[in-house]
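Enquirer: Quick note on numbering: the sequence shown equals residues 559 to 624 in our numbering.
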Amino acid sequence: MPIYPDTHTTFRHGDYVQKHSGSSWRGKVVGWYTTTLTHEGYAVESICEPGSVQIYPAAALVRMSE
Numbered sequence: 559m560p561i562y563p564d565t566h567t568t569f570r571h572g573d574y575v576q577k578h579s580g581s582s583w584r585g586k587v588v589g590w591y592t593t594t595l596t597h598e599g600y601a602v603e604s605i606c607e608p609g610s611v612q613i614y615p616a617a618a619l620v621r622m623s624e
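#1: So, under 8 Å CB-CB, Gly599 and Ala616 are touching, yes? Tell me the CB distance rounded to an integer number of Å.
#2: From Arg570 to Tyr562, what distance separates their C-alpha atoms?
#3: How far does the beta strand (DSSP E) with Pro615 in it extend, from its first residue to its last?
#4: Between the Cα of Ser623 and the Cα atoms of Thr593, Tyr591, His578 and Thr567, which residue gives the shortest distance?
#5: Look up Ala601 in the DSSP assignment and give the residues it is bridged to.
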């Protein structure tokens, strides 16, 4: 299991998430990032286009319904 920093607690590696507004993106959390403006961000691999990854701040994502 990849190691995520203590600042990244909203989602776990392998969680299925989607954007909650604006453009659509659904996928699996495959990594994390942080920048000066985004303290908690996630890399999400598309479930529709395997291998395609987008990065989003945690606030832009919600857990997909099971």
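Virtual Cβ for every residue (Gly too), placed ideally from N, Cα, C.
Just so it is clear, the structure is predicted and the values come from calculations on it, not from any experiment.
Expert: Taking the definition as stated:
#1: For the purposes of this step, residue 599 is taken as residue 41 along the sequence shown, with counting starting at 1. For the purposes of this step, residue 616 is taken as residue 58 along the sequence shown, with counting starting at 1. Indeed, because the Cβ distance is near 7 Å, the residues count as touching under 8 Å.
#2: Along the sequence shown, read from residue 1 onward, the residue named residue 570 stands at position 12. Along the sequence shown, read from residue 1 onward, the residue named residue 562 stands at position 4. Computed Cα separation, rounded: 8 Å.
#3: On the sequence shown, position 57 is the one that residue 615 refers to. Segment Val611 to Pro615, the beta strand (DSSP E) holding Pro615.
#4: For the purposes of this step, residue 623 is taken as residue 65 along the sequence shown, with counting starting at 1. Residue His578 is the option with its Cα nearest to Ser623.
#5: On the sequence shown, position 43 is the one that residue 601 refers to. Gly589 and Ile613.
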